[in-house]
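Enquirer: The structure under discussion is supplied below as C-alpha cells; questions concerning it will follow.
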Amino acid sequence: MSATVSSTAVSSAVAEFALRMGDNCLILGHRNSEWCGHAPALEEDIALANIALDLIGQTQLWLGLGCEAEGKGRTADEIAFLRDVSGYRNLLLVEQPNG
45 MSATVSSTAV SSAVAEFALR MGDNCLILGH RNSEWCGHAP ALEEDIALAN
95 IALDLIGQTQ LWLGLGCEAE GKGRTADEIA FLRDVSGYRN LLLVEQPNG
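In the working numbering, the protein residues as written are 45 to 143.
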C-alpha cells in the first residue's frame, strides 16, 4: 500500500475542514448575537456583541481558506449565504437555541 496521498485528496480534506469550521463560526456568531440587548449590564452586552462579531470575522477567514483549497472560484460570501440548509456542515451543538 502506498503512503503517498494525492494533492487533490489533501485539498479536498482541507476544504472540507475549513468549511466545517467556517459554518460553526457563522452559526455560533449568529446565536451569540441573539443575546445582544438582553444582558443585565451594558458592558456585558457590548462584550457579547463583540464576541459574536469576532466569530463572524473567523467565518470569513475559514470560508476564504475553504474557497482557496476547493479551487472552484467561489467567494466566502457565496458559500456563507447562497447555500441551501442541507449545504451547511456545522455541528448541531451550535444550532441549539439560547435560553
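Glycine included, each C-beta is placed from N, C-alpha and C at the ideal position.
Is S55 closer than 7 Å to A113 when the C-beta atoms are compared?
Expert: Taking the sequence shown and counting its residues from 1, the one referred to as residue 113 is at position 69. Taking the sequence shown and counting its residues from 1, the one referred to as residue 55 is at position 11. For A113 and S55, yes; Cβs fall inside 7 Å.
Enquirer: In its own chain, which residues sit with a C-beta less than 6 Å from the C-beta of S77, not counting the 5 before and 5 after it?
Expert: Sequence index remark: in the sequence shown, residue 77 carries index 33 (1-based). Excluding positions up to five away in sequence, the list reads A96.
Enquirer: Considering only C-alpha positions, which residue in the set T52, I71, L63 is nearest to H106?
Expert: Locating residue 106 in the sequence shown gives position 62, counting from the first residue. The amino acid occupying residue 106 in the given sequence is Trp; His does not appear at that position. Among T52, I71, L63, the Cα nearest to that of W106 belongs to L63.
Enquirer: Which residues bound the alpha helix (DSSP H) around H74?
Expert: Along the sequence shown, read from residue 1 onward, the residue named residue 74 stands at position 30. Taken as a continuous stretch (DSSP letters only), the alpha helix (DSSP H) holding H74 covers 51-77.
Enquirer: How is the alpha helix (DSSP H) around Q104 delimited, first residue to last?
Expert: Position 60 of the sequence shown, counted from the first residue, corresponds to residue 104. Note, Q104: alpha helix (DSSP H), 86-114.
Enquirer: Given this structure, state the Cα-to-Cα distance separating R118 from T48, to the nearest angstrom.
Expert: Looking up residue 118 in the sequence shown gives position 74. Looking up residue 48 in the sequence shown gives position 4. Each residue's alpha carbon lies about 29 Å from the other.
Enquirer: Under 7 Å between the Cβ atoms of I100 and G73?
Expert: Reading the sequence shown from its first residue, position 56 is the one you call residue 100. Reading the sequence shown from its first residue, position 29 is the one you call residue 73. Closer than 7 Å, so yes.
Enquirer: For the alpha helix (DSSP H) containing A124, name the first residue and the last one.
Expert: As a working note, residue 124 is residue 80 in the sequence shown. Here the alpha helix (DSSP H) through A124 covers 120-125.
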